[in-house]
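Residue numbering for the sequence shown follows my numbering, beginning at -12 and increasing consecutively.
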Amino acid sequence: MAERIERENVVAFRLASHHLDVRLGERDLLTAAGRCGIQNTPPGSALLAFHARVEGVSADVVAGAVEDRTMLLTWSLRGAPYYVPTAEAEVYTTGVLPVTEEARRHFVLGVEQAVDRLGLSLTETVDIVTTATHEVLSGRQLAIDELGAEVAARIAPELTAQQRGVWNEEGPYAVGQPIGEAVVHFCVRLLALQRTVCFAPRTGNRAPFVLTEEWLGRPVAEADPVACRRELLRRYLRCYGPSTRSDFATWLGVRAGDVDPWWSHLEHELVEVDFGGRTWALAGDLDALRTATMPTGVRLLPPRDAYTQLRDRDTIVDKAHHRDIWRTAGDPGTMLADGEIVGSWRARKSGRKLRVELQAFEALSRRHQEALVAEAESIAPLRDTSSVSVDVTTY
């Protein structure tokens, strides 16, 4: 019979794995990024996620890690932008790349109709886009719209007349955008997973792409795809376990039926546990799961923080508040107090002033309210503001 693990132990285990129990030291930025990646959606949210995990974080510290090439910003899980340690980037790129044509089509959902009309497989299309991207991007940095337009123009003459007609036709994705440019946009997500491209530092609202080998100043080393997929699943289970194939698939960005290339190579390290049904954890994590205790203290987590990217949402938030936290667009951040999510928060900037609104599920204790207000005040420098006002309300 599978061992039963209690909710409080699971929550405490996950918080510790995400480094949300005790902040890491100032030099441990890469440790935080390497746990399961730090998503930067919306832009700037990663800075708040690092602040929740690491002492002494600033925009300059994060930018410095990118500039010195120890940390990389690239499209990764679910096609979202993630900060990851450069030395471990293959786990979050090669390790994320779906194995089959069908799985890749699901990962970049929306491209299938276009490539079918072109009479090409997605794999063939990615190969064509890869070659053109090397030619267009060499020695340059281009944002996605510029890159899409130039790569599409480079490819068009190589297509048949029939394919070129489809390629240049306005597509359904954006007004005035040719199908060819849209196809390039889709494929660039897979090029990032192949480590052909990554992001260069932002300049204003511009997030340019660069050839990865040029950015790093060296050829991209070969990676073992099986080993990378195995390690990605390990990291997932350390941060979100006990879990299921289905939840892992959603976190990754594929269908449950597509995760065999990850799961089958790690089954010998897994053990079944009873956590609201049949779930699996790393056998080596069982002792930590059994003994994990809830932390004390507060944190303000940004929208789409790694911790709230879990799929068994009932584990951390009562179902009555799911729509308050996870929305189709415009997710708020979440308030963490003594290990529990106790509400949401938003920040609005006006000039050099920051207004933070904390909204609790129920009345906060005086201790929690004072600590959360202090935490809100601590993010002012991260938003380049000189003053902050904090309002506390309840739902």
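The beta-carbon is built from N, C-alpha and C at its ideal position, and this holds for glycine as well.
Within 10 angstroms of the Cβ of residue i, are there 16 or more other Cβ atoms? Answer buried if so, exposed if not.
| i | result |
| --- | --- |
| E75 | buried |
| G31 | exposed |
| M397 | The chain is shown only over -12 to 382; residue 397 falls outside these bounds and no answer can be derived. |
| Q26 | buried |
| H255 | exposed |
| A148 | exposed |
| P29 | exposed |
| Y79 | buried |
| T112 | buried |
| A350 | exposed |
| T283 | exposed |
| D211 | exposed |
| R335 | exposed |
| R92 | buried |
| R314 | exposed |
| E54 | exposed |
| S376 | exposed |
| T81 | buried |
| D272 | buried |
| Y69 | buried |
| V407 | No statement about residue 407 is possible, as the shown extent of the chain runs from -12 to 382 and does not include it. |
Would you mind working out which of the options sits nearest residue i, comparing C-alpha positions?
| i | options | result |
| --- | --- | --- |
| D274 | L287, I312, P229, G284 | P229 |
| E77 | R339, A363, D292, E218 | E218 |
| F173 | E156, T117, E200, A20 | T117 |
| K306 | L359, I328, Q356, V83 | I328 |
| Q346 | S374, H308, F235 | H308 |
| R104 | G158, Q128, V162 | G158 |
| G264 | V285, W238, D292, T231 | T231 |
| P248 | R127, A161, D371, L220 | L220 |
| S108 | A67, A350, T87, D371 | T87 |
| A208 | P195, L224, T183, T190 | T183 |
| T190 | G163, I166, L129, A90 | L129 |
| E357 | Y382, D378, R56, E201 | D378 |
| G317 | G338, T302, P289, K340 | P289 |
| P85 | A361, W238, V343, Q296 | W238 |
| L253 | R277, A243, F262, A214 | A214 |
| S365 | R127, A179, E201, S45 | S45 |
| R342 | P319, L323, S374 | S374 |
At which residues does the beta strand (DSSP E) containing residue i begin and terminate?
| i | result |
| --- | --- |
| W332 | 327 to 337 |
| T321 | 320 to 324 |
| T18 | Careful: T18 lies outside any beta strand (DSSP E), inside the alpha helix (DSSP H) at 16 to 23. |
| V184 | 184 to 186 |
Could you give the DSSP three-state label for residue i: helix, strand or coil?
| i | result |
| --- | --- |
| R342 | strand |
| A179 | helix |
| A194 | coil |
| F173 | helix |
| P312 | Inspection of the sequence shows that residue 312 is occupied by Ile rather than by Pro. If DSSP states are grouped into helix, strand and coil, I312 belongs with the helices. |
| R(-9) | strand |
| F235 | helix |
| T372 | coil |
| A350 | coil |
| E13 | coil |
| T302 | helix |
Quick one: give me the first and last residue of the alpha helix (DSSP H) that residue i is part of.
| i | result |
| --- | --- |
| F0 | -6 to 4 |
| V241 | Segment: none, V241 is in no alpha helix (DSSP H) and carries neither H nor E. |
| S365 | 353 to 365 |
Quick check: does the Cβ of residue i come within less than 8 Å of any heavy atom belonging to the ligand FAD?
| i | result |
| --- | --- |
| D8 | Among the ligands in the structure shown, none appear at all, so the ligand FAD cannot be discussed. |
Quick one: which unbroken beta strand (DSSP E) runs of 3-plus residues sit fully inside the region 33 to 101? Chain order, please.
58 to 62, 68 to 72
Give, in chain order, every unbroken run of the beta strand (DSSP E) that is at least 3 residues long and sits entirely within the region 262 to 297.
265 to 269, 285 to 288
Sequence ranges, alpha helix (DSSP H) only - wholly within the region 197 to 232, length at least 4:
Runs found: 199 to 203, 212 to 227.
Unbroken stretches of the alpha helix (DSSP H), 4 residues or longer, contained in the region 94 to 169
Segments of the alpha helix (DSSP H) lying fully in the region 94 to 169: 99 to 105, 109 to 124, 131 to 142, 148 to 155.
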